[in-house]
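A quick write-up on the structure given underneath.
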Amino acid sequence: MDRLLIVEKLEKRYECTRVRGTKKEVTALQDVSFSIGPGSTLALVGESGSGKSTLALCIACLDRPTSGRIVLDGNEITSLDEKQLREVRPQIQLVFQDPARSLNPRFSALEMVSEPLLVQGRLDRRERENRARVLLAQVGISQDKGLQKAEEFSGGQRQRLAIARALALKPKLLILDEALSALDCSVQAQIANLLIELQASLGLTYLFITHDFGMAGHLADDIAVMQHGKIVELGAAGKVLRAPEQEITRRLILAAPRLGAAAHAPKVV
Amino acid sequence: MTYFLRRLMQAAFLLIGVSILTFLFSALAPGNYFDEMRLNPQISPETVAALRAQYQLDRPLPLRYGRWVNSLLHGEMGFSFAYNSPVAPLLWVRARNTLLLTLTATVIAWALALPLGIWSATTLGRVSDRVLSGVTSALLVVPDLPLALALLILAVRSGWFPTGGMVSVAFENLSPIQKMRDIVLHMELPVIALVLSALPILVRHVRSAVADVLEAPFLRAAASHGIRRRTLLYRYALRAAANPLISLFGFSVGALLSGSLLVEVVMSWPGLGPLLLEAILARDFYVVIGGVLYSTIFLVAGNFLADVLVFWADPRIRTRAAAK
C-alpha cells in the first residue's frame, strides 16, 4: 500500500433546469481514475470548466460523487456519513484560488489559523494560540501581525495564511485549487517555494490544481490533464511536458507564460 | 467615536431639513383648518379671522416655523386645531399603540424570515425552495389593503378574532391579566396582516444574502475542517451575510411608525394611522407635521442603529473608520 489517495472511476452528474423548465443532465466528471503516492505532488491541469474543481470538492468530501470510489490512506471515504466524515476531514485540507474570499473577514490571523483546531475541539485556548503562532511563523508571517484582519494583508500574505490554516489540522493531503493563479509572478514563486519547503519538512502530499503548465512542471512529480470531465493524459511530469500525447496538453503547454516560449514549444499538429 | 459623531451630525441635519420641508409643503398646500368655517353662514368672517390670528396662521411662514421650533423645544410640537391640545402628547399616545403593533410584527417577521430564508438558501432550486418562493411571490404581489380586508372578512366570518379596535367594550372591568389578554387578542389580526406583508421581502433578502455567501471559499474551508452544519449556517454564513440584512433591519425599524398606517385604518387600530388620516383630511397642519417628524425620527434612528450594528458586526468597517 504505497498510495495515499486512490480515485477510481469517479463520476459526478448534475441535473439542471433550463429556462423553459426542462431538465438537463450535466456530466462534470466521467470515469476519473488516478492515485497519488505519499509525499508527492500530482498536478491536475485543464481549461476552465474541465471539472478540476468539482473533482477537488469530491475528494475533499464537500460534494458527493454520483459513482466511483475515493480511498484515502487505505480507507474508502466515498460512502461515509457526516459524523464519520468529521473524523476524515482534517486529513484533507484545501487552499483556494481567491485569497481575498478564502479567509473569514471577521477573524484575526491568529483566530483564522486556530479556527480548525477549535472546530475539531483540539487543544485548549492557550495551546491553540501557541500552535497558531508556530504555524504563522512556518509560513513566514511575523508574530506581530497575529491580530490583523484578512483585509490588512497583501494577496501573497493572505495565501500564506490560508496555507497555515490548512496545515493546522496536520493534513495528509493538501488540495491546492488554483492556489497560485490569483497572485502576481514574484509572489507565485515565493508561495511555490514555500510549498516545496513545507512538503520537504512535513512530508505533505499535494493535489495541485492549475491551468498553468509552467507551474505544474515546477511543482509536480506527475501531471494529469483534464478535458470535459475526463482525464485524457496522465504521466510523469517530465514525460508529459517533453512529449505530450494529446492535442489539449500541447495547447496548454503552449499557453504557459515563459520567456522564449515559441522556440521551445512543442508543435501543435 | 468620530464615526458615530459624524453619523449623529448627519441625522441632526436630516431632521432639520425634513422639518423645514414638511412645514413648507404643509403651509403651501391649498386650504387650512378654518376654511370650512367660512362656508358656515352662522360663523362670521371676523370670527374666522380672529381664530386664524389666535393660532397665528396669518403670520409670515419663517415666524410660524420659529414658533413651532420653540414649541418643539418645550415638548409640545405645535397645537392641534381639531383636538384643541398640544400635538406631542396626542401623538405619543397613538405612537405607543402603533409601536406595540409594529414592534411585535417586526420581531415575529424577522424570527420567521431568518430560518425560512436560510433554509431556502440551503435548498436552492429544490421543491421546498420553489414552494417557498411561490408563496413569497404570491404574498409580494398582494397589496396591503386587500390583504387586510381579506383577513377582516375571515375574522368576521370565522369569529376567531376581534374585528376592530384595541380593546373590548368591557375593558375597564377586566383584571390586569384579562386586560393584557384582551389587547393581545385584538392585536392578532393586524399583526398577522403586518407580518404577511413584511415577510416575503425579508425572506427573499435573507435567502439571497445567505445563498451568495454559501459558495464563499472561506465557508468551504470551514466545512472542510469538519464544522457542524448548523454552526456553519448560523454562525458563519449568517454573520458573513449580515451587512445587507442589518441595513434592511434598520429600514424595518425606520418603518415602525409609518409602515402600519393603512392596516391601522382598515382594522380601526387606534394608532398614528387613523389620527394622521383625519388630520390630513381636516388640514390639522401641526398634527401632520408632528406625524411626519415622528416617522423621520424613527427612520433616522433605524439607520443609525443599522450603522452601529454594522460597525459592531463587521471588523472591516471598523478598520476603515479607524484608517480615516
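Residue numbers (our numbering), protein chains in the order written: chain G, -18 to 250; chain V, 70 to 393. For each residue, glycine too, the CB sits at the ideal point set by N, CA and C.
Nearest to residue i (by Cα), restricted to the options the options
i	options	result
V:Ala292	G:Tyr187, G:Ile73, G:Phe88, G:Ser89	G:Ile73
G:Arg141	G:Leu99, G:Ala113, G:Leu154	G:Ala113
G:Glu68	V:Leu346, V:Ile296, V:Glu333, V:Leu341	V:Ile296
G:Arg139	G:Ser34, G:Ser89, G:Gln11, G:Gly184	G:Ser89
V:Thr167	V:Gly319, V:Leu325, V:Ser227, V:Pro286	V:Leu325
V:Gly340	V:Arg352, V:Ser189, V:Ser202, V:Ser327	V:Ser327
V:Ser321	V:Leu108, V:Arg128, V:Ile177	V:Ile177
G:Pro97	V:Met336, V:Arg308, V:Ser364, V:Arg289	V:Arg289
V:Ser154	V:Ala370, V:Val356, V:Pro212	V:Val356
G:Glu110	G:Asp202, G:Glu92, G:Val7	G:Glu92
V:Ser450	V:Glu257, V:Trp188, V:Val204	Residue 450 of chain V lies beyond the range of chain V shown here (70 to 393); nothing can be said about it.
V:Asp376	V:Met336, V:Pro343, V:Gly319	V:Gly319
V:Leu185	V:Thr91, V:Pro286, V:Arg273, V:Ala311	V:Arg273
V:Ala348	V:Glu145, V:Ser237, V:Leu159	V:Leu159
G:Gly184	G:Ile212, G:Pro19, G:Glu(-8)	G:Pro19
V:Arg133	V:Arg298, V:Glu257, V:Thr91, V:Leu201	V:Thr91
V:Tyr303	V:Leu120, V:Leu183, V:Glu115, V:Val204	V:Leu183
V:Arg308	G:Ser31, G:Ser60, G:Lys4, G:Arg87	G:Arg87
Alpha-carbon spacing of residue i relative to residue j, whole angstroms
i	j	result
G:Ala163	G:Leu233	18 Å
G:Leu150	G:Gly121	18 Å
G:Ser71	V:Ser266	Reading the sequence as shown, one finds Pro at residue 71 of chain G and not Ser. Looking at the two C-alpha atoms, the distance is approximately 46 Å.
G:Thr191	V:Leu283	23 Å
V:His255	V:Ala174	13 Å
V:Phe73	G:Leu(-15)	56 Å
G:Ser21	G:Ile144	17 Å
V:His143	V:Val156	12 Å
V:Ala96	V:Ser149	15 Å
V:Pro131	V:Gly360	20 Å
V:Leu126	V:Asp251	43 Å
V:Trp381	G:Leu25	43 Å
G:Leu10	G:Tyr187	20 Å
G:Ala218	G:Phe194	10 Å
V:Arg226	V:Gly233	14 Å
V:Arg387	G:Glu108	29 Å
G:Ile58	G:Leu23	20 Å
G:Val257	V:Ala219	This structure cannot speak to residue 257 of chain G, because chain G is shown only from -18 to 250.
G:Val(-12)	V:Leu301	28 Å
G:Lys220	G:Gln101	41 Å
V:Arg128	V:Gly100	15 Å
V:Thr71	V:Leu77	10 Å
G:Glu(-4)	G:Ala81	31 Å
V:Asp383	G:Gly127	18 Å
V:Val379	V:Gly86	26 Å
V:Leu223	V:Met106	42 Å
V:Asn372	V:Ala80	9 Å
G:Ser83	V:Pro286	5 Å
V:Ala306	V:Val279	6 Å
G:Val168	V:Ile89	58 Å
G:Leu99	V:Ala180	29 Å
V:Ala262	V:Leu170	11 Å
Within chain V, partners of residue i - CB distance below 9 Å
i	result
G:Leu84	Pro286, Phe287, Ala290
G:Pro19	Those do not exist, as G:Pro19 stays about 20 Å from chain V at its closest Cβ, beyond 9 Å.
is_contact[residue i, chain C] using C-beta, thresh 8 Å
i	result
G:Ala41	Looking at the structure shown, chain C is missing, and the protein chains on hand are G and V.
Contacts that residue i makes with chain V (C-beta to C-beta distance below 7 Å)
i	result
G:Lys(-10)	Near G:Lys(-10) there are no residues of chain V at all, since even the closest Cβ is about 24 Å away, more than 7 Å.
G:Leu150	His294
G:Gln101	His294, Gly295
Contact list for residue i against chain V, beta-carbon separation under 8 Å
i	result
G:Pro46	Residues of chain V passing the Cβ test: none, with the nearest at roughly 16 Å.
G:Arg146	Ala290
G:Glu96	Ala291, His294
Cross-chain neighbours of residue i in chain G, by beta carbon under 8 Å
i	result
V:Arg385	Pro86, Lys130, Glu132
Exercise. Going along the chain, which residues of the segment 48 to 64 of chain G sit with their C-beta nearer than 7 Å to a C-beta in chain V?
Worked result: none
Exercise. Which residues, in chain order, does the segment 197 to 214 of chain V contribute to contact with chain G at a C-beta distance below 8 Å?
Worked result: none
Problem set entry | Selection of the segment 295 to 306 of chain V by Cβ proximity to chain G, strictly under 9 Å | Gly295, Ile296, Arg297, Arg298, Thr300, Tyr305
Exercise. For the segment 309 to 341 of chain V, which residues have a beta carbon sitting closer than 8 Å to at least one beta carbon of chain G?
Worked result: Ala309
For this session: Would you check if the segment 234 to 241 of chain V and the segment 302 to 315 of chain V touch, i.e. whether three or more CB-CB distances between them fall below 8 Å?
Result: no
For this session: Could you please tell me which residues of the segment 67 to 78 of chain G, in chain order, have their CB closer than 9 Å to any CB of chain V?
Result: Arg67, Glu68, Val69, Arg70, Pro71, Ile73, Gln74, Leu75, Val76, Phe77, Gln78
Exercise. Does the segment 100 to 119 of chain G come close enough to the segment 41 to 48 of chain G to have 3 or more Cβ pairs within less than 8 Å?
Worked result: no
Problem set entry | Interfacial residues, the segment 103 to 131 of chain G to chain V, with Cβ spacing under 8 Å | Lys130
For this session: Could you tell me whether the segment 260 to 278 of chain V touches the segment 210 to 224 of chain V, where touching means 3 or more Cβ pairs closer than 8 Å?
Result: yes
For this session: Using a Cβ-Cβ cut-off of less than 9 Å, give me the residues of the segment 259 to 279 of chain V that come near chain G, in sequence order.
Result: none
For this session: Can you give me, in chain order, the residues of the segment 211 to 231 of chain G that have a beta carbon less than 9 Å from any beta carbon in chain V?
Result: none
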